[in-house]
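Engineer: Let me give you the structure first, and then I'll get to my questions.
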Amino acid sequence: MFTRHRRLRTTQGIRDLVKETVLNPNDFIYPIFVVEGENIKREIEALPEVYHYSLDNLEGVIKDVVEAKIKGVLLFGVPDEKDGIASSAFDENGIVQKAIRKIRELAPDLFIITDVCMCQYTDHGHCGVIENGIINNDETLEYLQKIALSHAKAGADMVAPSDMMDGRVMAIREILDENGFENVSILAYSAKYASAFYGPFREAAGSSPQFGDRKTYQMDPGNIRQAMREIEDDIIEGADIIMVKPALSYLDVIRWARDKFDHPIVAYNVSGEYSMVKAAGKMGLIDEKQIALEILTSIKRAGADIIITYFALDACKWLKDM
Ligand SMILES: [Zn+2]
1 MFTRHRRLRT TQGIRDLVKE TVLNPNDFIY PIFVVEGENI KREIEALPEV YHYSLDNLEG
61 VIKDVVEAKI KGVLLFGVPD EKDGIASSAF DENGIVQKAI RKIRELAPDL FIITDVCMCQ
121 YTDHGHCGVI ENGIINNDET LEYLQKIALS HAKAGADMVA PSDMMDGRVM AIREILDENG
181 FENVSILAYS AKYASAFYGP FREAAGSSPQ FGDRKTYQMD PGNIRQAMRE IEDDIIEGAD
241 IIMVKPALSY LDVIRWARDK FDHPIVAYNV SGEYSMVKAA GKMGLIDEKQ IALEILTSIK
301 RAGADIIITY FALDACKWLK DM
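For the sequence shown, full-length UniProt numbering assigns the number 1 to the initial residue and increments by one for each residue that follows.
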């Protein structure tokens, strides 16, 4: 006597009925890169079919996002001016602050999340303030507070610190609350690894470190218990949602976090994960659509509630056709 497991796979109907993990547009956050200038929609070479948009060209992509029923976007700014303390990151007329106001106008109900970090805005490309060649954690917190507050003032719904400094979630929560933004939430890049999968993003954001690397603040890919400690502390400090980044090589981290914590989990399906699929698809080595949907399904199955992905718009189209 043996069990006929295949009975539940005989037709598409029954396969759909017993499917445990189903993707839908509510699973996705779409990242958007904004640049200064006019009439710019420029494809990012390392991220095929992802673009730099000037503010006057945001309307098309925001319309696509709303029509796809994607509920949230994550904004990254690429400023014209950089300096040692990322001044353009907390300027009320900085590129992200202007983009928030523009998107709010275009799509009042769209949930706007902003990346809070210094690396795109510093001339040295690191995520914090440099003193004597090293990153000063505690001084950096003051700048992260300024950046987060300026995003909240511009109308962001949620701020997402991606710097990996210690204590930044607490510092940001404090400054937001002190200024009447107690309803602006925090998505913490809690378990962010020092990963080579970020390569294409650095071209997109112009954020490569000019010296050294990010291994003194981002995590070692070999560590998972340490990731749980990072997540736990971010929750204690006031994070509303926690993140594991990258996603695909870190599905075990997502699963551990899911089993251990009750907070919503975001996984960032990062640039390298996306561009590998795009490149292999273009070369005819794989079926891009099938691979992308399988990857996104596996990230959700591992325990992610939300996936930040450059595939979001395509995935919504593909899911509609299925
Ligand atoms: Zn950074």
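Cβ coordinates follow ideal geometry from the N, Cα and C atoms, glycine included. On a predicted model such as this, the values are computed, not experimentally measured, just so you know.
(1) Rounded to a whole number of angstroms, what is the C-alpha to C-alpha distance between Glu178 and Ile235?
(2) Check whether the region 54-63 and the region 283-298 are in contact - that is, three or more C-beta pairs closer than 8 Å.
(3) Over what stretch of residues does the alpha helix (DSSP H) that includes Glu43 continue unbroken?
(4) Between Gly316 and ligand 1, is the CB less than 6 Å from at least one heavy atom?
(5) Where does Tyr193 fall in DSSP's three states?
(6) Report the CB separation of Met118 from Tyr143 in whole angstroms; it is logged as a contact under 8 Å.
(7) Any heavy atom of ligand 1 closer than 6 Å to the beta-carbon of Asp163?
(8) Would you kindly report the start and end of the unbroken beta strand (DSSP E) that includes Val122?
(9) Which whole-angstrom value describes the C-beta separation of Tyr30 and Leu285, a residue pair presumed to lie in contact below a C-beta threshold of 8 Å?
(10) Is the region 80-100 close to the region 121-141, with three or more CB pairs under 8 Å?
(11) Once you ignore the five residues that flank Ile175 on each side, which residues in its own chain have a CB closer than 6 Å to its CB?
(12) Could you check what DSSP says for His263 in three-state terms: helix, strand or coil?
(13) Report the rounded CA-to-CA distance for Val18 versus Leu106, giving the unit in angstroms.
(14) Helix, strand or coil, according to DSSP, for Gly238 in the structure here?
(15) Per the contact definition of three or more C-beta pairs closer than 8 Å, is the region 153-161 in contact with the region 178-193?
(16) List the residues that DSSP assigns as beta-bridge partners of Glu131.
(17) For Ile84, which of helix, strand or coil comes out of DSSP?
(18) Between Glu273, Val184, His263, Arg229, which has its C-alpha nearest Lys245's C-alpha?
(19) Quick check on the DSSP output: the alpha helix (DSSP H) that includes Met170 runs from which residue to which?
(20) Do you know offhand how far Leu8's Cα is from Glu237's?
(21) Going along the chain, which residues of its own chain have a beta-carbon closer than 7 Å to the beta-carbon of Ala89, five neighbours each way excluded?
(22) Compute the Euclidean distance between the alpha carbons of Phe2 and Leu319, then round it to the nearest angstrom.
(23) Can you tell me whether Lys282 is buried or exposed? The criterion is at least 16 other CB atoms within 10 Å of its CB, across all chains shown.
(24) Should Val50 be listed as close to ligand 2, given that the test is whether its C-beta is under 6 Å from any heavy atom?
(25) Using the DSSP secondary-structure output, state which residues sit across from residue 331 in a beta bridge.
(26) Within 8 Å, do at least three Cβ pairs link the region 129-136 to the region 198-207?
(27) Cutting at 8 Å between CB atoms, please list the residues of its own chain near Glu59, excluding the five before and the five after it.
(28) For Lys215, does the three-state DSSP call read helix, strand or coil?
Structural biologist: In short, the structure shows the following:
(1) For Glu178 and Ile235, the distance between alpha carbons rounds to 19 Å.
(2) Counting C-beta pairs closer than 8 Å gives fewer than three between the region 54-63 and the region 283-298, which falls short of the contact rule.
(3) Residue range 41-44 is occupied by the beta strand (DSSP E) that includes Glu43, with no alpha helix (DSSP H) assigned at that position.
(4) The sequence shown places Cys at residue 316, rather than the Gly named in the question. No, since every heavy atom of ligand 1 falls outside the 6 Å radius drawn around the Cβ of Cys316.
(5) Assignment of Tyr193 by DSSP, reduced to helix, strand and coil, places it in the strand class.
(6) Rounded, the Cβ-Cβ distance is 6 Å, consistent with contact.
(7) It does: the Cβ of Asp163 is within 6 Å (strictly closer) of some heavy atom of ligand 1.
(8) The residue you asked about is not Val; residue 122 is Thr in the sequence shown. Segment: none, Thr122 is in no beta strand (DSSP E) and carries neither H nor E.
(9) Not really, about 26 Å apart at Cβ, beyond 8 Å.
(10) The answer is yes - the region 121-141 touches the region 80-100, with three or more Cβ pairs under 8 Å.
(11) Excluding positions up to five away in sequence, the list reads Gln145, Leu149.
(12) Residue state, collapsed to three classes: coil.
(13) Answer to the nearest angstrom: the Cα atoms are 39 Å apart.
(14) DSSP, read as helix, strand or coil, puts Gly238 in coil.
(15) When Cβ pairs closer than 8 Å are counted between the two stretches, the region 178-193 is seen to touch the region 153-161, the count reaching three or more.
(16) DSSP lists Ile134 as partners of Glu131.
(17) Looking at the sequence itself, residue 84 is Gly, so the reference to Ile does not match. Gly84: coil per DSSP, three-state reduction.
(18) Checked all of Glu273, Val184, His263, Arg229; the closest Cα to Lys245 is Glu273.
(19) In the DSSP annotation of this structure, the continuous segment of the alpha helix (DSSP H) that includes Met170 starts and ends at 168-178.
(20) Approximately 46 Å, taken between the alpha carbons.
(21) Correct list, in chain order: Met118, Tyr121, Ile147.
(22) Rounded to the nearest whole angstrom, the CA to CA distance from Phe2 to Leu319 is 36 Å.
(23) With fewer than 16 Cβ atoms within 10 Å of its Cβ, Lys282 is classed as exposed.
(24) Ligands present in the displayed structure are limited to ligand 1, and ligand 2 is not among them.
(25) Only positions 1 to 322 of the chain appear in this structure, which leaves residue 331 out of reach.
(26) Touching, no.
(27) Setting aside the 5 residues that flank it on each side, Glu59 is surrounded in the same chain by Leu106, each with a C-beta closer than 8 Å to its C-beta; the list follows chain order.
(28) The three-state reading of DSSP puts Lys215 in coil, since its state is none of H, G, I, E or B.
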